[in-house]
Amino acid sequence: MLIKPHGGKLVNRFAPDYAGIIPEKRIEIDEESLMDIEQIAVGAFSPLEGFIGSKDFHSITDNYRLSNGVVWPLPIVLSVDEEKRKELLDGEDIALTFNGEVYAILHLNEIYEVEKEKEAEKIFGTNNLEHPGVKKFMGLEQYFLGGKITLLKRRPSIYKVHELTPKQTRKIFSERGWSKIVGFHTRNVIHKSHEFIQLEGMKRGMCDGLFVHPVIGKKKKGDFEAGVIIESYEKMIEDFYPKSKVVMGTFASYSRYCGPREALFTALVRKNFGCSHFIVGRDHTGVGNFYHPNASHEIFNNFSNEDLGLIPIKFDKVFYSEIEEKHIHEPDFIDHPEKSKLHISGTQAREMLQGGNSPPDWFMRPEISKIIIDKIKNGEKVFVE
Numbered sequence: 015m016l017i018k019p020h021g022g023k024l025v026n027r028f029a030p031d032y033a034g035i036i037p038e039k040r041i042e043i044d045e046e047s048l049m050d051i052e053q054i055a056v057g058a059f060s061p062l063e064g065f066i067g068s069k070d071f072h073s074i075t076d077n078y079r080l081s082n083g084v085v086w087p088l089p090i091v092l093s094v095d096e097e098k099r100k101e102l103l104d105g106e107d108i109a110l111t112f113n114g115e116v117y118a119i120l121h122l123n124e125i126y127e128v129e130k131e132k133e134a135e136k137i138f139g140t141n142n143l144e145h146p147g148v149k150k151f152m153g154l155e156q157y158f159l160g161g162k163i164t165l166l167k168r169r170p171s172i173y174k175v176h177e178l179t180p181k182q183t184r185k186i187f188s189e190r191g192w193s194k195i196v197g198f199h200t201r202n203v204i205h206k207s208h209e210f211i212q213l214e215g216m217k218r219g220m221c222d223g224l225f226v227h228p229v230i231g232k233k234k235k236g237d238f239e240a241g242v243i244i245e246s247y248e249k250m251i252e253d254f255y256p257k258s259k260v261v262m263g264t265f266a267s268y269s270r271y272c273g274p275r276e277a278l279f280t281a282l283v284r285k286n287f288g289c290s291h292f293i294v295g296r297d298h299t300g301v302g303n304f305y306h307p308n309a310s311h312e313i314f315n316n317f318s319n320e321d322l323g324l325i326p327i328k329f330d331k332v333f334y335s336e337i338e339e340k341h342i343h344e345p346d347f348i349d350h351p352e353k354s355k356l357h358i359s360g361t362q363a364r365e366m367l368q369g370g371n372s373p374p375d376w377f378m379r380p381e382i383s384k385i386i387i388d389k390i391k392n393g394e395k396v397f398v399e
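Numbering (this note's numbering), first residue to last: 15 to 399.
Below you can see the structure in the form of structure tokens.
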């Protein structure tokens with residue numbers, strides 16, 4: 015039996031056969047808002063059924079819960095400026111367009127304002143504009159719109175075949191006879207430290223399978239392109255992971271830059287996809303030096319098992335031991351000599367790959383390095399520019 019979706023029921027706000035009238039009033043949205051709408055519609059953000067109203071907003075920022083008491087750490091909002099606000103009335107339907115094309119309908123329930131600086135402090139733990147999340151939040155328009163959404167068609171994407179919905183992953187897990195699944199959130203090509211954490215996480219949770227769920231939405235400069243991340247994981251599933259123990263799907267979303275709140279969010283989302291366990295690494299969803307590396311671990315301690323429903327599996331630093339010739343979770347080997355601990359930063363590995371050089375085998379499997387280097391040599395885009 016699979017874990018229940020967060021809030022008890024998988025939301026479905028997708029109506030591809032919608033036969034109703036398309037409202038004349040329209041709001042043009044950006045791609046990130048369209049991603050949010052799509053994830054709400056397919057149930058990834060269950061129990062949300064739309065953009066949150068003021069009551070839920072303040073409950074989330076004050077208590078990490080919706081107004082009905084269900085744990086939810088991040089406000090998912092849609093904002094408009096003064097000019098657009100004047101056109102809108104509570105209770106009406108509004109067409110939401112992207113590049114001029116209608117993708118969804120907002121059933122407007124409420125128009126409200128918040129004290130952004132005060133709320134930013136609650137959400138991000140700071141109102142410093144150097145913080146990318148704060149900067150983005152402060153840049154939102156003045157008025158927030160609350161109301162359920164109806165998605166009419168999904169966002170076009172060359173990766174759609176990989177964008178499994180919660181309904182699809184739950185079907186796959188059930189067909190495989192899995193009940194305990196550990197989820198893994200990533201923005202990177204697979205390397206040996208992540209491989210160690212994934213397999214160790216499966217073992218610690220005594221799980222039937224692993225669900226690898228890379229984020230493929232908007233990325234920052236220097237990040238790996240989605241295509242190469244997908245290809246690296248396909249290679250792992252084909253040749254290296256335990257057979258029939260790993261499922262990969264991509265997650266069309268984006269960084270919220272919320273540190274610990276986002277760590278909790280990434281876990282609850284994977285619960286909706288059917289994960290009973292979730293891997294939380296050191297500095298998971300960290301933002302520069304704004305949060306303590308263990309803050310993303312500690313936030314889970316504030317909620318009961320009943321509140322969360324899923325079990326976080328926490329990892330601290332992982333290093334490669336020259337002595338043991340394997341990867342090791344640092345807290346498990348406290349007395350290990352420092353000089354025999356090997357680390358490579360993501361930046362160093364990226365520089366090696368860009369120069370056509372494979373990182374050491376202990377850092378990345380040669381077969382994965384080859385995929386990346388071959389793409390670079392062929393003039394394909396591997397890193398976001």
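No residue lacks a Cβ here, since even glycine has one placed at the ideal position from N, Cα and C.
Item: Residues bridged to Thr164 (per DSSP); Value: Ile119
Item: Identity of the residue in Leu324, Ile327, Leu367 nearest Ile391 by Cα; Value: According to the sequence shown, residue 391 is Lys rather than Ile. Out of Leu324, Ile327, Leu367, Leu367 has the C-alpha closest to the C-alpha of Lys391.
Item: Status (buried if at least 16 other CB within 10 Å, exposed otherwise) for Asp50; Value: buried
Item: Beta-carbon proximity of Val229 to Phe198, cut-off 8 Å; Value: no
Item: At least three beta-carbon pairs within less than 8 Å, the stretch 282-302 to the stretch 256-274; Value: yes
Item: Where Lys233 falls: helix, strand or coil (DSSP); Value: coil
Item: Close-in-space but distant-in-sequence residues of the same chain around Ser171 (CB under 7 Å, 5 per side omitted); Value: Glu177, Ala266
Item: Buried or exposed (CB count within 10 angstroms, at least 16 for buried), Val404; Value: Outside the shown range of the chain (15 to 399) lies residue 404, about which nothing can therefore be said.
Item: Phe187 versus Tyr255: straight-line alpha-carbon distance, rounded; Value: 17 Å
Item: Straight-line gap, Ser207 to Lys69 (C-alpha atoms, nearest Å); Value: 42 Å
Item: Close-in-space but distant-in-sequence residues of the same chain around Gly223 (CB under 6 Å, 5 per side omitted); Value: Trp192, Ile195, Lys259
Item: Option nearest Asp400 by Cα separation, candidates Val148, Ile137, Ile125; Value: In the structure as shown, the chain starts at 15 and stops at 399, and residue 400 therefore has no counterpart that could be examined.
Item: Cut-off 7 Å between Cβ atoms - residues of its own chain near Ser47, not counting five sequence neighbours on either side; Value: Leu92
Item: Rounded C-alpha distance that separates Gly114 from Lys98; Value: 16 Å
Item: The stretch 133-143 in contact with the stretch 15-24 per 3-pair CB rule at 8 Å; Value: no
Item: Through-space distance from Pro37 to Ile119, alpha-carbon basis; Value: 8 Å
Item: Proximity below 8 Å, CB of Ser269 to CB of Val294; Value: no
Item: Backbone secondary structure at Glu400 - three-state DSSP; Value: For residue 400 there is no data in the structure shown, the boundaries of the chain being 15 and 399.
Item: Cβ separation of Tyr117 and Lys167, assumed to be a contact under 8 Å, to the nearest whole Å; Value: 6 Å
Item: Where the alpha helix (DSSP H) through Phe71 begins and ends; Value: 68-77
Item: Every unbroken alpha helix (DSSP H) within the stretch 308-373, with a cutoff of 4 residues, ordered by chain; Value: 309-312, 319-322, 360-368
Item: Burial state of Ser246, where buried means 16 or more other Cβ atoms lie within 10 Å; Value: buried
Item: Through-space distance from Tyr157 to Phe151, alpha-carbon basis; Value: 12 Å
Item: Simplified DSSP assignment, three categories, for Ile108; Value: strand
Item: Length of the line joining the Cα atoms of His291 and Ile325; Value: 5 Å
Item: Run of the beta strand (DSSP E) containing Pro228, from where it starts to where it stops; Value: 223-228
Item: For Ser193, three-class secondary structure by DSSP; Value: coil
Item: Contact check, Glu45 vs Phe112, beta carbons under 8 Å; Value: yes
Item: Assumed close pair Lys382, Lys233 - CB separation to whole angstroms, cut-off 8 Å; Value: Checking the sequence shown, residue 382 turns out to be Ile, not Lys. Not a contact, Cβ separation roughly 19 Å.
Item: Simplified DSSP assignment, three categories, for Ile402; Value: With the chain covering only 15 through 399, there is no way to say anything about residue 402.
Item: Sequence-distant residues of its chain with Cβ nearer than 8 Å to Ile329 (five each side left out); Value: The question names Ile, but residue 329 is Phe in the sequence shown. Excluding residues within five positions, the ones whose Cβ falls inside 8 Å are Ile211, Glu214, Gly215, Ile293, Val294, Gly295, Arg296, His343.
Item: Contact under 8 Å by Cβ, Val175 with Val203; Value: no
Item: Residue range of the beta strand (DSSP E) that includes Met262; Value: 260-262
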